[in-house]
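These notes concern the structure reproduced below.
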Amino acid sequence: MPSPDNHSAPKFNGHPPSLKHFFDEVNYLGDSCRLSSVDETQHTLHYLDFREYETWRSCLSAQGSNWDNFKVEIMTLYPRANEDQKYTVIDIEILVNLYMLCFSCIFLLSYHS
32 MPSPDNHSAP KFNGHPPSLK HFFDEVNYLG DSCRLSSVDE TQHTLHYLDF REYETWRSCL
92 SAQGSNWDNF KVEIMTLYPR ANEDQKYTVI DIEILVNLYM LCFSCIFLLS YHS
(Lines of atoms letter the chains of each structure in order from A and count residues from 1; the text may use other names and numbers.)
(Lines give C-alpha, C1' and ligand atoms only; values in the text may rest on other atoms or scores of the structure.)
Protein backbone atom coordinates (compact mmCIF):
# COMPACT_ATOMS: atom_id res chain seq x y z
CA MET A 1 0.00 0.00 0.00
CA PRO A 2 1.35 3.46 -0.81
CA SER A 3 2.05 5.79 2.07
CA PRO A 4 -0.54 8.54 2.65
CA ASP A 5 1.89 11.16 1.29
CA ASN A 6 2.50 9.26 -1.94
CA HIS A 7 0.96 10.84 -5.03
CA SER A 8 -0.69 7.52 -5.95
CA ALA A 9 -2.33 7.06 -2.54
CA PRO A 10 -6.14 7.08 -2.42
CA LYS A 11 -7.55 10.42 -1.34
CA PHE A 12 -10.93 11.31 0.10
CA ASN A 13 -11.72 14.99 -0.37
CA GLY A 14 -14.63 15.02 2.07
CA HIS A 15 -17.27 15.27 -0.65
CA PRO A 16 -19.84 12.47 -0.35
CA PRO A 17 -20.03 11.66 -4.08
CA SER A 18 -16.31 10.76 -4.08
CA LEU A 19 -16.59 8.31 -1.16
CA LYS A 20 -17.46 5.24 -3.22
CA HIS A 21 -14.53 5.91 -5.56
CA PHE A 22 -12.21 6.29 -2.55
CA PHE A 23 -13.38 2.94 -1.14
CA ASP A 24 -12.96 1.30 -4.55
CA GLU A 25 -9.36 2.56 -4.77
CA VAL A 26 -8.49 1.37 -1.27
CA ASN A 27 -10.14 -1.99 -1.95
CA TYR A 28 -8.26 -2.42 -5.23
CA LEU A 29 -4.94 -1.67 -3.57
CA GLY A 30 -5.79 -3.84 -0.58
CA ASP A 31 -6.67 -6.78 -2.83
CA SER A 32 -3.48 -6.38 -4.84
CA CYS A 33 -1.48 -6.40 -1.57
CA ARG A 34 -3.59 -9.27 -0.20
CA LEU A 35 -4.59 -7.35 2.91
CA SER A 36 -7.04 -8.75 5.41
CA SER A 37 -10.26 -6.84 6.15
CA VAL A 38 -8.74 -5.54 9.38
CA ASP A 39 -5.63 -4.27 7.59
CA GLU A 40 -7.67 -2.76 4.77
CA THR A 41 -9.82 -0.87 7.27
CA GLN A 42 -6.78 0.41 9.15
CA HIS A 43 -5.05 1.53 5.95
CA THR A 44 -8.23 3.35 4.94
CA LEU A 45 -8.07 5.39 8.14
CA HIS A 46 -4.47 6.40 7.42
CA TYR A 47 -5.49 8.00 4.12
CA LEU A 48 -7.82 10.49 5.80
CA ASP A 49 -7.27 14.02 7.06
CA PHE A 50 -7.45 14.51 10.82
CA ARG A 51 -11.11 15.51 11.01
CA GLU A 52 -12.33 12.58 8.93
CA TYR A 53 -9.93 10.23 10.73
CA GLU A 54 -11.34 11.10 14.15
CA THR A 55 -14.91 10.63 12.96
CA TRP A 56 -14.31 7.36 11.15
CA ARG A 57 -12.13 5.92 13.89
CA SER A 58 -14.95 6.39 16.40
CA CYS A 59 -17.24 4.06 14.42
CA LEU A 60 -17.69 0.60 15.88
CA SER A 61 -16.95 -1.11 12.58
CA ALA A 62 -13.52 0.58 12.44
CA GLN A 63 -12.47 -1.71 15.27
CA GLY A 64 -13.93 -4.82 13.63
CA SER A 65 -12.78 -7.23 10.99
CA ASN A 66 -15.46 -6.78 8.32
CA TRP A 67 -14.54 -4.41 5.51
CA ASP A 68 -18.07 -4.37 4.08
CA ASN A 69 -19.64 -3.46 7.44
CA PHE A 70 -17.09 -0.68 7.78
CA LYS A 71 -17.98 0.77 4.36
CA VAL A 72 -21.71 0.59 5.06
CA GLU A 73 -21.36 2.36 8.40
CA ILE A 74 -19.17 5.10 6.93
CA MET A 75 -21.55 5.58 3.99
CA THR A 76 -24.35 6.34 6.47
CA LEU A 77 -22.34 9.36 7.65
CA TYR A 78 -22.54 10.89 4.16
CA PRO A 79 -26.15 11.07 2.91
CA ARG A 80 -25.18 11.84 -0.68
CA ALA A 81 -22.54 9.12 -0.93
CA ASN A 82 -25.03 6.46 -1.93
CA GLU A 83 -25.60 6.67 -5.67
CA ASP A 84 -29.25 5.74 -5.16
CA GLN A 85 -29.83 8.64 -2.76
CA LYS A 86 -28.74 11.76 -4.55
CA TYR A 87 -31.14 14.09 -2.75
CA THR A 88 -31.91 14.75 0.90
CA VAL A 89 -35.09 15.90 2.61
CA ILE A 90 -33.63 19.41 2.70
CA ASP A 91 -33.22 19.34 -1.09
CA ILE A 92 -36.89 18.44 -1.47
CA GLU A 93 -37.95 21.17 0.97
CA ILE A 94 -35.97 23.73 -1.01
CA LEU A 95 -37.60 22.56 -4.23
CA VAL A 96 -41.10 22.78 -2.71
CA ASN A 97 -40.41 26.26 -1.32
CA LEU A 98 -39.17 27.47 -4.71
CA TYR A 99 -42.24 26.02 -6.41
CA MET A 100 -44.51 27.73 -3.88
CA LEU A 101 -42.70 31.03 -4.40
CA CYS A 102 -43.06 30.76 -8.18
CA PHE A 103 -46.72 29.83 -7.87
CA SER A 104 -47.32 32.80 -5.55
CA CYS A 105 -45.64 35.17 -8.00
CA ILE A 106 -47.71 33.86 -10.89
CA PHE A 107 -50.89 34.14 -8.85
CA LEU A 108 -50.07 37.74 -7.85
CA LEU A 109 -49.21 38.71 -11.42
CA SER A 110 -52.44 37.28 -12.77
CA TYR A 111 -54.45 38.94 -9.99
CA HIS A 112 -52.99 42.38 -10.70
CA SER A 113 -53.25 42.14 -14.49
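Per the working numbering, the sequence shown starts with residue 32, numbered consecutively.
Here a beta-carbon is modelled for each residue, glycine too, at the ideal position from N, C-alpha and C.
Boundaries (first-last residue) of the alpha helix (DSSP H) holding Asp55: Counting from 1 along the sequence shown, the entry for residue 55 is found at position 24. Start and end: 50-63.
Endpoints, the alpha helix (DSSP H) within which Asn100 is located: What you label residue 100 is simply residue 69 of the sequence shown in a count that begins at 1. Element bounds for Asn100: 98-106.
Beta-carbon proximity of Ala93 to Leu108, cut-off 9 Å: Along the sequence shown, one-based indexing puts residue 93 at 62. Along the sequence shown, one-based indexing puts residue 108 at 77. No.
Alpha-carbon to alpha-carbon, Asp55 and Ser67: Taking the first residue of the sequence shown as 1, we reach residue 67 at position 36. Taking the first residue of the sequence shown as 1, we reach residue 55 at position 24. Each residue's alpha carbon lies about 15 Å from the other.
Exposure label - Tyr78; buried when at least 16 CB within 10 Å: Within the sequence shown, the letter at position 47 stands for residue 78. Answer is buried; the Cβ neighbour count reaches 16.
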